[in-house]
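Novice: Line order of the protein sequences matches chains U and W.
In our numbering, each number is its position in the first sequence, counted from 1, plus 71.
In our numbering, each number is its position in the second sequence, counted from 1, plus 71.
We treat Cβ as the ideally placed atom computed from N, Cα and C, and that holds for glycine.
What you are looking at is a predicted structure, and each value in this text was computed from that prediction instead of being measured.
Protein chains: 2
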Amino acid sequence: MVALSISAYPCYEKEMPRKAKKLGSIRLTEVAKLAGVSPITASRFFRNPEALSVSKRERVESAAKELGYVPNLAARALASQRTEVIGVLIPSLTNNVFNDVLRGIYDASEGSRYTIQFVNTRYSILQEEKLLRLFQAQKPAGLIVTGINQTEQSRAVMEGMNCPIVQIMELGTDPVDMMVGFSHYDAAIAAVSHLIGLGRKRIGFLGARMDPRVQRRLEGYRKAMKDAGLFDPSLILTTSTPTAMTLGGVLLGDLLAQAPDLDAVFCINDDLALGVLFECQRRGIAVPDQLAIIGFNDMEFMAATVPTLSSVRTNRYEMGRDGVTMLIDAIEGRRTATPIVDLGFELMVRQSSTLRSA
Amino acid sequence: MVALSISAYPCYEKEMPRKAKKLGSIRLTEVAKLAGVSPITASRFFRNPEALSVSKRERVESAAKELGYVPNLAARALASQRTEVIGVLIPSLTNNVFNDVLRGIYDASEGSRYTIQFVNTRYSILQEEKLLRLFQAQKPAGLIVTGINQTEQSRAVMEGMNCPIVQIMELGTDPVDMMVGFSHYDAAIAAVSHLIGLGRKRIGFLGARMDPRVQRRLEGYRKAMKDAGLFDPSLILTTSTPTAMTLGGVLLGDLLAQAPDLDAVFCINDDLALGVLFECQRRGIAVPDQLAIIGFNDMEFMAATVPTLSSVRTNRYEMGRDGVTMLIDAIEGRRTATPIVDLGFELMVRQSSTLRSA
DNA sequence: CAAGAAAATGGTAGCGCTGTCTTTTTCCTC
DNA sequence: GAGGAAAAAGACAGCGCTACCATTTTCTTG
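(1) Take W/Met370 and list the residues in its own chain whose beta-carbon comes closer than 6 Å to its own, dropping the five residues that flank it on each side.
(2) I need the DSSP call for U/Thr244, collapsed to helix, strand or coil.
(3) Helix, strand or coil for W/Ser109? Go by DSSP, reduced to three states.
(4) Take W/Glu350 and list the residues in its own chain whose beta-carbon comes closer than 6 Å to its own, dropping the five residues that flank it on each side.
(5) Assuming U/Ile365 and U/Ser423 make a contact with CB atoms under 8 Å, what is their CB distance in whole Å?
(6) Using only CA atoms, which one of U/Asp413, U/Gln188, U/Val395 lies nearest to U/Arg405?
(7) Tell me, please, whether the CB atom of U/Val141 is closer than 7 Å to any CB atom in chain W?
(8) W/Met249 and W/Ala401 look like a contact to me (Cβ under 8 Å); what is the Cβ gap, rounded to whole Å?
(9) Please tell me whether W/Val156 and W/Thr186 are closer than 7 Å, where the distance is taken between their beta carbons.
(10) Got a sec: which bits of the region 198-226 of chain U sit with their beta carbon under 9 Å from any beta carbon on chain W, in order along the chain?
(11) I'd like to check one pair, U/Gln224 with U/Glu200: are the Cβ atoms closer than 7 Å?
(12) Using a Cβ-Cβ distance under 7 Å, would U/Ala375 count as near chain W?
(13) Taking the alpha-carbon of U/Arg271 as reference, which of U/Ala134, U/Met390, U/Asp332, U/Gly107 has the nearest alpha-carbon?
(14) For chain U, is any of its Cβ atoms less than 7 Å away from the one on W/Thr314?
(15) On the CB-based measure, 16 or more other CB atoms within 10 Å of its CB, does U/Lys297 come out buried or exposed?
(16) Contact check, U/Lys104 vs U/Arg153 under 8 Å by CB: the rounded distance?
(17) For W/Glu38, which of helix, strand or coil comes out of DSSP?
(18) Helix, strand or coil: how does DSSP classify U/Arg284 here?
(19) Would U/Ala279 and U/Thr314 be called neighbours here (beta carbons separated by less than 7 Å)?
(20) In terms of alpha-carbon separation, which member of U/Met397, U/Ala363, U/Arg392, U/Leu398 lies closest to U/Ser382?
(21) Spatial neighbours of W/Thr317 within its chain, please: C-beta separation below 7 Å, excluding the five flanking residues on both sides.
(22) 7 Å is my cut-off, CB to CB: does U/Ala344 come that close to chain W?
(23) Where does W/Lys127 land, buried or exposed, given buried means 16+ other C-beta within 10 angstroms?
(24) Do we get a CB-CB distance below 7 Å when we pair U/Glu454 with the residues of chain W?
(25) Can you give the Cα-Cα distance for U/Phe206 and U/Leu99, rounded to whole angstroms?
(26) Output, in chain order, the set of chain U residues within a Cβ distance shorter than 7 Å of W/Ala146.
(27) Is DSSP giving U/Thr409 helix, strand or coil here?
(28) Can the beta-carbon of U/Val172 be found less than 7 Å from the beta-carbon of U/Met390?
(29) Return the CA-CA distance between W/Arg288 and W/His255, expressed in angstroms with no decimal places.
(30) Straight-line CA distance for U/Gly252 to U/Asn166?
(31) Name the chain U residues that come within less than 9 Å of W/Gly320, Cβ to Cβ?
(32) For U/Phe416 and U/Met373, what's the separation of their Cα atoms in angstroms?
(33) What separation, rounded to the nearest whole angstrom, lies between the Cα atoms of U/Leu138 and U/Val131?
(34) If we cut at 7 Å on Cβ distances, does U/Gln177 have a partner in chain W?
(35) Is there a Cβ from chain U that is less than 7 Å from the Cβ of W/Arg128?
(36) What does a CB cutoff of less than 8 Å around U/Asp413 pick up in its chain, not counting 5 residues either side in sequence?
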């Protein structure tokens, strides 16, 4: 481990005394001496043990263990001109979606020699560009970025970085390097078509924090509604406010004000959907009889509600997991044949869109 | 940024060519040359600009900007024998509680020169010890650890680390260095006393993933129930299963089986509480008339449900935020007077424990 | 068993920066 | 304007490791 600061221009109060040199500090030299080999041989042991003869290998190993040697990664990075860091750029820590993605990334990278260094772009492509430049300066082993909407400069930086890069969360035709995601457009079409197929005509769209992926879901909604001849702009309500469960209720109220004959609602995420469900309980709107609800992402709680909530399952954990796995494989020269992986989605039909209480 | 790998004994496939040296690489020397100063002066500019005369300061600054200089942090760490990394050990990425804590940590450290390097202990104190050793080897500028239940070895490692350390999430009498948290014991007593004060007699306890902090909440529950002469072990149901909203419903069913006269339930977190609420809807149990519910943490959604759910607000974001802030202050020699900060808690009384529908 | 190829090992130099100490410059004050 | 103190700037060496190349040892094979 160790991660050096991400700030480009730090500024200390004062210089520190060069303290207690050598004080019990076990360097590679010490290990080499104890093992009776040259430092470079000891060095090789840690990087490529296969290159040593069995006898030396054993001697270095036991010497290292005896001395409790721990490599100095800063020195290693300086000498080798590279690090074992995987940089991860994610737009939010508030949004639970990324929680799952991060979990996948951490789980899959555990046990590997790589360290995850994640940073938060706060849904700003300018912030993303800035963070990308900082990563660039440090030559990470690989990079995971969210989505496909980077600035031109960001793209240029990435292309010049000379390390594998995986874009996650969605798909596009022009990857910087590799991609793991799914089509938000198609997923939205599936959700809306499901509602249309059930005979719903006045299907609303509820969106918050309209990031690029949510925009694409809106496009899918538009497409499906237009194809069915049901499109009506007054059925759409979006806000740039960050999403929250309480917001779901508020938005439903607003949408009902502009479209009182609403008979279904497609929420761009599950938090909104649950907020809508509670608002319906509050207003005495029967779900799904009067209003069908479908969410997006299929968080764990969607199966626990009353009525259970329909949603579109997205493979968030898997995107993280497969993303790093592909990345690490590429770093180590084992590139997969297909640079673009579609993890798909699954329509989870539950009571909120189908159950009709007789 | 940059973070060097956290693996102690990495192992490369092969040595890499020492590629394209000097190739446009802007080093401090180049900046110094352009600015017409010595490298060491340029170095000082980045660490302590106050020490330079105004003219040199401006010259170095513009030279750095012109060349697009970015410091090599590995070299810096090697030469200065320290890093600008703050290590964060957190037990889970699944539990949303830590999401909020992490958010506080990231928000408060943004703009500082420190990089957050967080690792996941998975609720294992052995894993924690292992990760602590890895951090130790790299001399982080500071450390944030969760809770007060470390192994003896972990404590020894921390005490020998020679860097500020903040323990977050709870309080104890014997901090390694600093602490930011609150009393889970007192918070549980407050929640249970509230229910007792409302005349509830058969108050259940529902717990999942019994980590040390949850154990202390159980102790608080025991204390309050015993003091009121209401304690009955059959009112307690715990499981080591990780918490989830679906689990809330299951546990309520089990608890009702062993205590059918249950009239209130204290859930050790909000997910369980919401799961319980839905299970009540499913079983036709009136909340709060037949069963009062109180959760723990006061997640955002607790105010959005029907009925709204009572909870104990914990200042998770603030624990993260204040934790790093204290840590950074200590790193930079501005130690606060009080090493132990109690962020308290707040009883959020809502409909699920009070409303009586006439 | 000699000769060449391959494998294993070692010597050297430096990655880019900063701590320490020394030298130079600037700023006072009388 | 001289003398001393403080501030500013610089020289030097080295942090711990690894890339590169040179060297030695081991393994083949005719």
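Specialist: The answer reads as follows:
(1) Position 299 of the second sequence, counting from 1, holds the residue named residue 370 of chain W. Taking C-beta separations shorter than 6 Å and ignoring five residues to either side along the sequence, the partners of W/Met370 in its chain run Asp341, following chain order.
(2) Here residue 244 of chain U refers to the residue found at position 173 when the first sequence is read from its first residue. Three-state result, U/Thr244: coil.
(3) Along the second sequence, one-based indexing puts residue 109 of chain W at 38. In this structure, DSSP gives W/Ser109 a state outside helix and strand, which the three-state scheme calls coil.
(4) Here the question's residue 350 of chain W lines up with position 279 in the second sequence. Contacts found: Gly320, Leu323.
(5) Along the first sequence, one-based indexing puts residue 365 of chain U at 294. Along the first sequence, one-based indexing puts residue 423 of chain U at 352. With a Cβ gap of about 7 Å, U/Ile365 and U/Ser423 count as contacting.
(6) In the first sequence, counting from the first residue as 1, residue 405 of chain U sits at position 334. Out of U/Asp413, U/Gln188, U/Val395, U/Val395 has the C-alpha closest to the C-alpha of U/Arg405.
(7) As a first step, residue 141 of chain U must be located in the first sequence, where it is residue number 70. For U/Val141, the answer is yes, since a Cβ of chain W falls inside 7 Å of its Cβ.
(8) Taking the first residue of the second sequence as position 1, residue 249 of chain W is located at position 178. Taking the first residue of the second sequence as position 1, residue 401 of chain W is located at position 330. Sure, about 7 Å apart at Cβ, within 8 Å.
(9) To locate residue 156 of chain W, count along the second sequence from 1; it is residue 85. To locate residue 186 of chain W, count along the second sequence from 1; it is residue 115. Note that the C-beta distance between W/Val156 and W/Thr186 is below 7 Å.
(10) Residues passing the 9 Å Cβ filter: Leu202, Arg204, Leu205, Phe206, Gln207, Ala208, Gln209, Lys210, Pro211, Ala212.
(11) In the first sequence, the residue the question calls residue 200 of chain U occupies position 129. In the first sequence, the residue the question calls residue 224 of chain U occupies position 153. It is a contact, given that the beta carbons lie within the stated cut-off.
(12) Taking the first sequence and counting its residues from 1, one reaches residue 375 of chain U at position 304. Interface residue, yes.
(13) Numbered from 1 along the first sequence, position 200 holds the residue referred to as residue 271 of chain U. Closest in C-alpha terms to U/Arg271, from the list U/Ala134, U/Met390, U/Asp332, U/Gly107, comes U/Asp332.
(14) In the second sequence, counting from the first residue as 1, residue 314 of chain W sits at position 243. Chain U contact via Cβ: absent.
(15) Against the first sequence, residue 297 of chain U aligns to sequence position 226. Burial call: exposed.
(16) Counting from 1 along the first sequence, the entry for residue 104 of chain U is found at position 33. Counting from 1 along the first sequence, the entry for residue 153 of chain U is found at position 82. About 27 Å; that fails the 8 Å criterion.
(17) Residue 38 of chain W lies beyond the range of chain W shown here (72 to 429); nothing can be said about it.
(18) Walking along the first sequence from the start, residue 284 of chain U turns up at place 213. Three-state result, U/Arg284: helix.
(19) Numbered from its first residue, the first sequence carries residue 279 of chain U at position 208. Numbered from its first residue, the first sequence carries residue 314 of chain U at position 243. Taking 7 Å as the cut-off, the Cβ atoms of U/Ala279 and U/Thr314 count as close.
(20) Here the question's residue 382 of chain U lines up with position 311 in the first sequence. Comparing alpha-carbon positions, the option among U/Met397, U/Ala363, U/Arg392, U/Leu398 lying closest to U/Ser382 turns out to be U/Ala363.
(21) Counting from one through the second sequence, the residue named residue 317 of chain W turns up at place 246. Gly346, listed in sequence order.
(22) Counted from its first residue, the first sequence places residue 344 of chain U at position 273. Chain W, which has no Cβ nearer than 7 Å to the Cβ of U/Ala344, makes this no.
(23) Taking the second sequence and counting its residues from 1, the one referred to as residue 127 of chain W is at position 56. It counts as buried.
(24) This structure leaves residue 454 of chain U out entirely; chain U is present only between 72 and 429.
(25) Taking the first sequence and counting its residues from 1, one reaches residue 206 of chain U at position 135. Taking the first sequence and counting its residues from 1, one reaches residue 99 of chain U at position 28. So the two alpha carbons sit approximately 28 Å from each other.
(26) Counted from its first residue, the second sequence places residue 146 of chain W at position 75. Here the neighbours are Leu149.
(27) Residue numbering aside, residue 409 of chain U sits at position 338 when the first sequence is read from its first letter. Reduced to three states, the DSSP call for U/Thr409 is coil.
(28) On the first sequence, position 101 is the one that residue 172 of chain U refers to. On the first sequence, position 319 is the one that residue 390 of chain U refers to. Closer than 7 Å, so yes.
(29) On the second sequence, position 217 is the one that residue 288 of chain W refers to. On the second sequence, position 184 is the one that residue 255 of chain W refers to. Approximately 5 Å, taken between the alpha carbons.
(30) Reading the first sequence from its first residue, position 181 is the one you call residue 252 of chain U. Reading the first sequence from its first residue, position 95 is the one you call residue 166 of chain U. Near 17 Å, if we compare the C-alpha coordinates of U/Asn166 and U/Gly252.
(31) Locating residue 320 of chain W in the second sequence gives position 249, where the first residue counts as 1. Residues of chain U passing the Cβ test: Ala375.
(32) Start at 1 with the first residue of the first sequence, and residue 416 of chain U comes out as number 345. Start at 1 with the first residue of the first sequence, and residue 373 of chain U comes out as number 302. Rounded to whole angstroms, U/Phe416 to U/Met373 spans 16 Å at the Cα level.
(33) Along the first sequence, one-based indexing puts residue 138 of chain U at 67. Along the first sequence, one-based indexing puts residue 131 of chain U at 60. Inter-residue distance for U/Leu138 and U/Val131 is about 11 Å (C-alpha atoms, whole angstroms).
(34) Numbered from its first residue, the first sequence carries residue 177 of chain U at position 106. Just to set this straight, residue 177 of chain U is Tyr in the shown sequence, not Gln. Proximity of U/Tyr177 to chain W, defined by a Cβ-Cβ separation below 7 Å, is satisfied.
(35) By one-based count along the second sequence, residue 128 of chain W stands at place 57. No Cβ of chain U is located within less than 7 Å of the beta carbon of W/Arg128.
(36) As a working mapping, residue 413 of chain U is identified with position 342 in the first sequence. Taken in chain order, the residues that qualify are Leu242, Gly252, Phe253, Ser254.
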